[in-house]
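Quick notes on the structure that follows.
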Amino acid sequence: MNVDTVLDAASERSSVAHRGLALTVEGIEKRYGAIHALKGVSLSIEAGEVRGLVGENGAGKSTLGKIVAGVVAPDAGEMWVDGDPLRLRSAADALAHGISIVAQELAVVPHLTVAENVMLGREPRRGLAVDHKELRSRFLELSEQVGFSLDPGARLGTLRKSEQQKAEILRAVARDARLIVMDEPTAALSSDEARQLVAATRRLAAEGRTIVFVSHHLDEVLAVCDNITVLRDGRFVRTGPSESETADSLVTSMLGQHLASEYPVKSTPSRTGTPALKVAELSSSTGLRDVNFEIWPGEVVGIAGLVGSGRSELARAVFGADAHDGVVQIDGERTRITSVRAAIDAGIAMLPENRKELGLLLERSVTENISIPRLSSLTRFSRVSRSAERQSVGAMLEKVGVRASAADAPVGTLSGGNQQKVMFAKWLMTSPRIFIADEPSQGVDVGARARIYELIAEMAQQGMAVLIISSELEEVIGLAHRVLVMRKGQIVSELADESVQAETILGHAFGTAAAS
Amino acid sequence: MTVDQDRVELRAAHQKILRDVSPAKVAREYAVLLLSVLLFLYLSFAADNFFTAVNLRNVASQSAILGIMASAATLLIVAGNFDLSVGAIFAASGIVTVLVVESSSMPVGVAAGLLTGMVLGLLNGVIVTRFGVNSFIATLASSLVIGGVILVITGGENTDTTNISFITMSARQFLGLDLMTWVFIVWALLLGYVLARSIYGRYMYAAGGSAVAAQLSGVSVTGIRTATFVVSGLGAAIAGILSASQSGSVPVTAGSNLVLISIAAVVVGGTSIWGGDGAVWRTVVGVVFLSLIDNGFNLLDLDPLYGNIVYGSIILVAAAIDAQARRR
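In order, the protein sequence lines correspond to chains S and U.
Residue 209 in the numbering used here sits at position 209 of the first sequence, and the numbers go up by one each step.
Residue 1042 in the numbering used here sits at position 42 of the second sequence, and the numbers go up by one each step.
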């Protein structure tokens, strides 16, 4: 027996083990209450293909991914896998058929270790007990195969979200999934981690697995996918090979018309007189150390920095959500901000990152969500005046560009873009003088993003001081007059006007640039 | 004109929502109401003595104790907590009232009883919200402590009174209904108003829907939740005092059977056990439904041994419907 036949046999074995599944869906329909999420979508994916699903928020791409993975049951439609009709009853059922999902919302067991999570349900046994040595070695084997380095013994709950996501991907691989749905897998990752994940995805595909890649990030989709399917408003638009697509061509199909995401023209803030907000020697138990900055009315200031550099912590401290030491002056007056209520009353608004967890009451109506920070002004003798409430909420909805008929819908039924606009409406209703927006365009479609950028520019023009925290450098540069770069809980650099450039910001964020 | 257009659009959206609601959701919304009506009609035909003023007054009066406690529990559950100590507070308030009535006068006794309930509720609230103890465990523990103190003070004996004005208080009639029923009606209306119309109600829904989001919207989650514990304690006290007045005697175990049944009445009515969603009128319907079943067992001469089986099954079905309605 020569070497070649051995290798052939090995590769045959592995190709059998990993032969991807071919998938066909036809006429898939799905409704969520008033929302018609999918309107008869049909498509075919070949075995071993990496297929991108793109579309605006609310286009139905995530829903389609979840239906394929058995997480969500379709209202109508057929599904075939390798030519055989298949009706999935649950995610576990899908797994039994070799289909797995890596979801935005992680499904991990925080108290178990990384290795135990990855091998959950697949633990090697010695008698009745789990063979921990074997479990560990299998885990390491898998990590090598996929190209991740994770500490197998760390408790998963103590790790960063991006690492938990990696564990989730390993878990799918550990279960020998032959079709993996990745639903916004890079949403919680830094750009470096996202690159790693894209590389890992290519490796999984090279082994012959079929991958459905759902993402907002068109550059990633273009880099990783063989073919890309565009959905719009719950309908199939078209499928094309990645080589012949560009971000522009995809966006055009997603919107149905040509609309490039453009930043509004910046005004010129005067930066004279009293700053709207002045922060001095701010420190907190959440890791802020001696933070000093000022922001003038009419100015948009961006806060850049790596994940974990203290950007959100700074916003939370100024907003009174975390306890802090230091001096805060608003319009030149020293103000004690001991609670969120005190911050709101002092004219500060904060739109938190992660609107689903921190920002919105998903099951309550749009109206209730918007009115809550200023509810006391709509109340007489503790009775909420519904007509006054409806009126002011209506005005705000119009301002941010959400249709009035959505006022009574539970906010969770709206698309991501509209949810974010509702968040803006909610905080504009408090007539703030200082508006802090943490990741203002996170998980938002292109159309809503443009409207949000316009809003931010308008707010500044009307004399509000706007503080923008964003992981997207382009956004910070496109919107801000001035950028504060944070690293390890401190502001390490301040760049204004012409010196606001990507390389400079990154240099300071990573600590490679000389201190300014 | 634009207002009219909006109204048209709004109506269209409403109709769409009505068309698209899932059956589980409709069941959770209105099933108990429908079942109660059906049970009412059935009993009217099946039992001769059901649809009589005397019996209906009886049903109302017998629902009062449970209804007062369950209405208060609704606010607490909507805001995201449970209170397992209401049974112990029920007994404690009754005992304090009886002791003070004996040594002083009736009004002072009733005031002392109400105050006892509110103070104990406040303690629960502080323990849960300030120290972050899970409400289930915290109130389970406090109910043991309160029960223990009661045993020490009473030595395990019933606490009795012969004060005539006190023992006739709960049965006093106004406009054809007794005081028990009136207190239930007024209390349910008051709490219903607070939850549905007042700013505090909104804050309760917010705290139960998402405590972090509520906090970051300027809602004092600890404050509003503490307030719901005080309401819960007050509800238990009112019920305990009325019950003491009814029998003139408070056993040390008084109220213990009401704890879980009052939570059950809330769930059967269609309020979510997960918090953030529900209404007092739902709880009232749930209470009436459970009381009608009790009454039916009596009038139709069914073996009360089967009562718990029926109760338990109904609660299971209600909880299952709640879980299904929540699944997206």
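Ideal Cβ positions, reconstructed from N, Cα and C, are used throughout, including at glycine.
Counted within 10 angstroms of its Cβ, other Cβ atoms place residue i as buried (16 or more) or exposed
i                 : result
ASP176 (chain S)  : exposed
TYR1306 (chain U) : exposed
ASP183 (chain S)  : buried
PRO241 (chain S)  : exposed
GLY1276 (chain U) : buried
ALA73 (chain S)   : exposed
ASP290 (chain S)  : exposed
LEU1041 (chain U) : exposed
ARG521 (chain S)  : This structure leaves residue 521 (chain S) out entirely; chain S is present only between 1 and 516.
ASP497 (chain S)  : exposed
LEU55 (chain S)   : The question names Leu, but residue 55 (chain S) in the sequence shown is Gly. Its Cβ being crowded by 16 or more others within 10 Å, GLY55 (chain S) is buried.
GLN1173 (chain U) : exposed
VAL1285 (chain U) : buried
ARG1130 (chain U) : exposed
LEU1292 (chain U) : buried
ASN1349 (chain U) : A question about residue 1349 (chain U) goes unanswered here, because the residues of chain U that appear run from 1001 up to 1328.
ALA260 (chain S)  : For ALA260 (chain S), the pLDDT reaches just 46, beneath the cut-off of 50, and the residue's location in the model is therefore unreliable, leaving the point undetermined.
HIS258 (chain S)  : Below a pLDDT of 50, predicted positions are generally treated as unreliable, and HIS258 (chain S), at 41, falls in that range; the measurement from the model is reported next regardless. HIS258 (chain S) comes out exposed.
LYS133 (chain S)  : exposed
ASN1257 (chain U) : exposed
Residue range of the unbroken alpha helix (DSSP H) whose run includes residue i
i                 : result
LYS426 (chain S)  : 416-428
GLN442 (chain S)  : From DSSP, GLN442 (chain S) is part of no alpha helix (DSSP H); its letter is neither H nor E.
VAL1284 (chain U) : 1280-1299
MET1118 (chain U) : 1106-1131
ASN292 (chain S)  : No alpha helix (DSSP H) contains ASN292 (chain S), which is instead part of the beta strand (DSSP E) from 291-295.
MET396 (chain S)  : 386-400
GLN1246 (chain U) : 1221-1247
Residue j beta carbon less than 8 Å from that of residue i
i                 : j                 : result
ILE1095 (chain U) : ALA1237 (chain U) : no
SER100 (chain S)  : ALA69 (chain S)   : yes
THR1271 (chain U) : THR1074 (chain U) : yes
LEU484 (chain S)  : GLU494 (chain S)  : yes
GLY1109 (chain U) : SER1093 (chain U) : no
VAL318 (chain S)  : ARG364 (chain S)  : no
LEU1066 (chain U) : ILE1261 (chain U) : yes
ALA480 (chain S)  : GLY302 (chain S)  : yes
VAL25 (chain S)   : MET79 (chain S)   : yes
PHE293 (chain S)  : GLY52 (chain S)   : no
LEU1300 (chain U) : ALA1046 (chain U) : yes
PHE1289 (chain U) : VAL1078 (chain U) : no
Element boundaries [beta strand (DSSP E), containing residue i]
i                 : result
HIS324 (chain S)  : 324-330
MET182 (chain S)  : 179-183
TYR32 (chain S)   : 23-32
MET350 (chain S)  : 348-351
LEU53 (chain S)   : 50-54
LEU467 (chain S)  : 465-469
LEU563 (chain S)  : Past the boundaries of the shown model lies residue 563 (chain S); chain S is included only from 1 to 516, so the question cannot be answered.
ILE303 (chain S)  : 300-305
PHE1051 (chain U) : PHE1051 (chain U) -> no beta strand (DSSP E), and no H or E assigned at all.
ILE1263 (chain U) : Counting along the chain, ILE1263 (chain U) falls outside any beta strand (DSSP E), though it belongs to the alpha helix (DSSP H) covering 1258-1269.
Coil, strand or helix - residue i by DSSP
i                 : result
GLN1062 (chain U) : helix
TYR1193 (chain U) : helix
LEU64 (chain S)   : helix
THR229 (chain S)  : strand
SER1143 (chain U) : helix
LYS356 (chain S)  : helix
HIS132 (chain S)  : helix
HIS217 (chain S)  : coil
ARG202 (chain S)  : helix
LEU259 (chain S)  : Caution is warranted here: a pLDDT of 43 is assigned to LEU259 (chain S), below 50, making its placement in the model unreliable, and no coordinate value can be reported.
LEU1216 (chain U) : coil
ILE505 (chain S)  : helix
ILE211 (chain S)  : strand
SER253 (chain S)  : helix
GLY240 (chain S)  : strand
Does the segment 449-468 of chain S come close enough to the segment 292-301 of chain S to have 3 or more Cβ pairs within less than 8 Å? Flag = yes, the segment 449-468 of chain S and the segment 292-301 of chain S touch.
How about the segment 188-206 of chain S and the segment 156-171 of chain S: do they share at least three Cβ pairs that are nearer than 8 Å? A contact exists between the segment 188-206 of chain S and the segment 156-171 of chain S.
For the segment 402-422 of chain S against the segment 222-229 of chain S, are there 3 or more C-beta pairs whose distance is under 8 Å? Contact fails: fewer than three Cβ-Cβ distances are below 8 Å.
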